[in-house]
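K.L.:
Sequence positions in the sequence shown follow mature numbering (1 follows the signal peptide of the UniProt record, and there is no 0) and run -25 to -1, 1 to 836. Note that beta-carbon positions come from the ideal geometry of N, C-alpha and C, so glycine has one too. These numbers come from a predicted model, not from an experiment.
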Amino acid sequence: MFSFRFCLLTILSVSLFSSANLVSAAEKSDSEAIRLVNVLNSDASTYDKAMACRRLAAIGDAKSVPAIAKYLGDEKLATYARSALENIPADAADQALEAALKSIKGDQLVGVINSLAKRKDKGATAELAKLLANDNPKVAIAAAHALGAIGTSDAAAALKQSLGTDRAAVKQEVAFALLMCARSLADSNKRQAVELTEVVLKADLPENVNLAATQRAIVLLGKDGFDLLAKTLKAEDLARFRAGLQAARKVGPEASTTLVAVYPELSDERKGLVIAALSQSKNAGALPLIQQALKSDSEALQLQAVLSLGELVSVLKADEQLQVINGLFNVLNQLLEERSKLLGLAVTNNPELDPAVEAVIAKIYRSQHSAKVKAAIEENTRKLVENEGWHQQKAGLQLAGDCRLSTLTPVILPLANHSNSVIKQAAIQALGGTTSSEDLPKLIALAVKNPGDAAISDALKAACARLPLEETAQTLAQTMDGASIEQQQLILNQLAAIGGETALKTMVAAARSNEDALQNTATDLLGKWVTIDVAPPLLDLAQSLENRKYQIRALRGYIRVARQLNMTPAERLEVCRNTLANAERNDEKKLVFEVLRRYPTPEAVNFTINLLKEKDLNVAASATIVSWAERGTPIENTLLRDALQQVITTTDNAGLKQRAEQQLERISAQAAQEEQALGFQPLYDGKTFNGWHGNEEIFRIEDGEIVAGSLSEKVKQNEFLRSDKEYEDFELILEFKLLGEKTNAGVQIRTAEIPDDHEVSGFQADLGTGYWGCLYDESRRRKILAGPPKEIRDLPVRMNDWNTYRIRCQGPRIQLWINGVQTVDYVEQDPQIPLKGIIALQIHGNLVNQVHYRNVRLREL
């Protein structure tokens, strides 16, 4: 039952999700923007206005700008207003900021200038140019930055005129802004860009500005700037050298000839930086320099050469790669020989070098397609592993594991029992990388023989994580037969680490065993499983295990799946339902409400509303609904309003009731404001049938509600209360309540009256037992056109209580929602079907049932 219902819920969730979002996203944003503008134009608190600006930054448009702009000079709200205007994609935002340049002073003016810089508003250039001479240096500097960000010829001209200022701080920032303009103009007007750098270089400016100008000039000049690049690289000042090297990186491969040419004249420190730059640019021409550096007496340069080979090797030819490998192994062997001579009485001066060599060799092997290169690495690594020196052996084992050399596993396995603890541990660790599927049983046997050895267990986990999942799991599972309890526990932990179908089946079988220790281990591991396929077996275990301790553990693991793993909303809600159906303790029930609070959806809201009726769950359900309202959720205000009303009606908890009343007042006002902004108008005045016609012996008005049918007598035939007016594209919202054991009613849309007949013909948004939320074709094709699977049609509905129907018709598309949950997204394919007609409220004939309608409102699209 779980899996079948799970599947249905998933299908429904996926099929409706994208269309539901497409429909309402734009109109919701429009409605929300109008509401937020009203907040800004009201006497709302500073906090509310700040939050309105923050949200309008995401959804605002030109119509929002005037309400935001009036706060640009407000000490508390200016930052929020500027942030909103910076992000609104409309010319009106530029114009508002430009206008503020003339009226705002001080720090708020600096903020406006910065906003214009972010928008790169060319229209503000003239006013910003005037501000370069402002007495306030903060304003002048901000104006310079803004003109630099705008980066046009006009902006550059204004900055050039201000470079002669005697204010040092302003002059420096004007110079940087000119370099920004040079970068912006590089593609469209390279000559002018170069001239701007020359202007900055000739000015009397600090060294850091001169360096930035030099770097920009080199990049702009390209080949023509290589003499300047060489001069900069040879400079005594290290900062100038670094500026030149950074410029060379920006120029690209063409600059490598200059780098190679100056290399012999550089210090070891600078040589290391040069070969790093060349290798990062994947310049194969750097190989001779790197090989030369590899033989250097400078340990720092030698280390950089090793690291550079790791960067460069991917662009080298196979023969060059072999040279690199041989060179690296030569360095490694020399280092290891030195280690052996020291006999542990001293340490090398360069402890980073041999690990770096090993890491680069492993990197080359893993990224290598050349059989010759791989063979060379395997041969050299084997020699190290078989060497009698323990330094060499240890390094070889490290390399074998890192390179995953499975051919060396037979050589390494005996070393797992070596008398030298260092070699033993290195061999065990290496097996985690070298063991193949063929050799896996040997490693499993080693682990089973030593169940308390954490190092072997970790090696087995590492091997299993690399190998084909199901094949590995089957090999592990087969080892369970005949193993001791302790050994089986070890295998279960290994299976849990890799997961998959076989691992899960084996774990569930262990959870059902008669051995308490195995049950304990298996249920614990299942409770930590990381994929959602564990949910059905956990529920089954919670329902069927005899040991209460393990029943509870399985149920807690089951709800954890919904709390922590990635599920569809429908799947998650199904887990919540099943948990509550099986939980006996409040501890597990509380976990359900944690999930609901964390993942609010329309389906979750309706489910929680229904839980209010259960006395032992009312407080938790009420608290969940109130928390949604207080912290803000993506749930529609109308649905949240209904939920809060239900809390107020059902809960005995005074504190929750008070909080719900406070939130209800706020959210009801927001909902009403949204509907008003969207243009909804009432179709029913709550007092008369004005605008409607139908059988008033069947339809009546009671307490402001339209009521039809009876709970004691059958209605003879279908009856319809019909609108006088026809509608084409519209959105209709109304509330309904059906009473009776078997119910049936509906809302006709785009419907035609049949002359001299009680029936009508057209689309019906269906209601009632077995038909909730379906789209039916009344008296025409006489069939359900669309709707959710029958097994879950009743999920959004609050039986014998008020519900909200939302119906949207636009073009050939019809969409239905019950209590915020979309049930239909249908497109009419038959061009002969009319897309305009009356609206009618139905009571179905030949049934003892009663229908109530109220709050009927509509907006035309």
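(1) Hey, residue 602 and residue 631: beta-carbon distance below 8 Å or not?
(2) Taking just the CA atoms, how far does residue 164 sit from residue 283?
(3) What does the Cβ neighbour count give for residue 512, buried or exposed, with the cut at 16 atoms within 10 Å?
(4) If you run the structure through DSSP and keep just helix, strand and coil, what is residue 792?
(5) Out of 144, 156, 716, state which residue places its alpha-carbon closest to the alpha-carbon of residue 183.
(6) Within the continuous beta strand (DSSP E) that includes residue 785, where are the two ends?
(7) Using only the alpha-carbon positions, how far apart do residue 580 and residue 506 sit?
(8) If distances are taken between C-alpha atoms only, which option among 37, 86, 73 comes closest to residue 65?
(9) Taking 8 Å as the CB-CB cut-off, is residue 256 touching chain B?
(10) For residue 397, is the classification buried or exposed, using 16 other Cβ atoms within 10 angstroms of its Cβ as the cut-off for buried?
(11) Grab me the residues of residue 435's own chain with a C-beta within less than 7 Å of its C-beta, minus the 5 sequence neighbours each way, in chain order.
(12) Among 140, 94, 111, 718, whose alpha-carbon lies nearest the alpha-carbon of residue 121?
(13) Please go through the same chain and pick out, in chain order, the residues whose beta-carbon is closer than 8 Å to the beta-carbon of residue 654, but skip the five residues on each side of it.
(14) Please go through the same chain and pick out, in chain order, the residues whose beta-carbon is closer than 6 Å to the beta-carbon of residue 741, but skip the five residues on each side of it.
(15) Whole angstroms are fine: how far does the CA of residue 213 sit from the CA of residue 200?
(16) Assuming residue 498 and residue 473 are in contact, meaning their beta carbons sit under 8 Å apart, how far apart are those beta carbons, in whole angstroms?
(17) What residue from 759, 401, 471 has the CA that sits closest to residue 746's CA?
(18) Which runs of the beta strand (DSSP E) fall wholly inside the region 679 to 706 and span at least 3 residues, in chain order?
(19) Measuring CA to CA, which of 586, 464, 109, 431 is closest to residue 81?
(20) For the structure I just gave you, are there three or more beta carbon pairs, one from the region 699 to 718 and one from the region 797 to 817, closer than 8 Å?
(21) Are there 16 or more other CB atoms within 10 angstroms of the CB of residue 464, so buried, or fewer, so exposed?
(22) If you check the beta carbons only, do residue 717 and residue 830 fall under 8 Å apart?
(23) Using DSSP with H/G/I as helix, E/B as strand and the rest coil, what is residue 669?
(24) Cβ of residue 97 within 8 Å of Cβ of residue 140?
(25) If we count the other Cβ atoms within 10 Å of its Cβ and call it buried at 16 or more, is residue 805 buried or exposed?
(26) Is the closest heavy atom of the ligand PLP to the C-beta of residue 417 under 7 Å?
(27) Roughly how many angstroms separate the alpha carbons of residue 41 and residue 69, rounded to a whole number?
(28) With DSSP as the reference, label residue 83 as helix, strand or coil.
(29) Which term fits residue 622, buried or exposed, when burial requires 16 or more other beta carbons within 10 angstroms of its beta carbon?
(30) According to DSSP, is residue 829 helix, strand or coil?
(31) Under 8 Å Cβ to Cβ from residue 149, same chain only, skipping five residues before and after it: list those, please.
(32) In the region 109 to 197, which residue ranges form an unbroken beta strand (DSSP E) of at least 3 residues, counting only runs that do not cross its ends?
(33) So what does residue 712 bridge to, in DSSP terms?
(34) Roughly how many angstroms separate the alpha carbons of residue 482 and residue 573, rounded to a whole number?
(35) Is residue 509 near residue 530, with beta carbons less than 8 Å apart?
(36) Residue 575: buried (16+ other C-beta within 10 angstroms of its C-beta) or exposed?
P.N.:
From the atom records:
(1) no
(2) 37 Å
(3) buried
(4) strand
(5) 144
(6) 778 to 785
(7) 26 Å
(8) 37
(9) Among the chains in the structure shown there is no chain B, since it carries only a single protein chain.
(10) exposed
(11) 418, 419, 422, 469
(12) 94
(13) 834, 835
(14) 721, 749, 751
(15) 20 Å
(16) Actually they are not in contact, since the Cβ atoms of residue 498 and residue 473 sit about 19 Å apart, beyond 8 Å.
(17) 759
(18) 680 to 684, 694 to 698
(19) 109
(20) yes
(21) buried
(22) no
(23) coil
(24) no
(25) exposed
(26) Looking at this structure, you won't find the ligand PLP or any other ligand, since it has none at all.
(27) 12 Å
(28) helix
(29) buried
(30) strand
(31) 107, 119, 134, 137, 138, 140
(32) none
(33) 827
(34) 29 Å
(35) no
(36) buried
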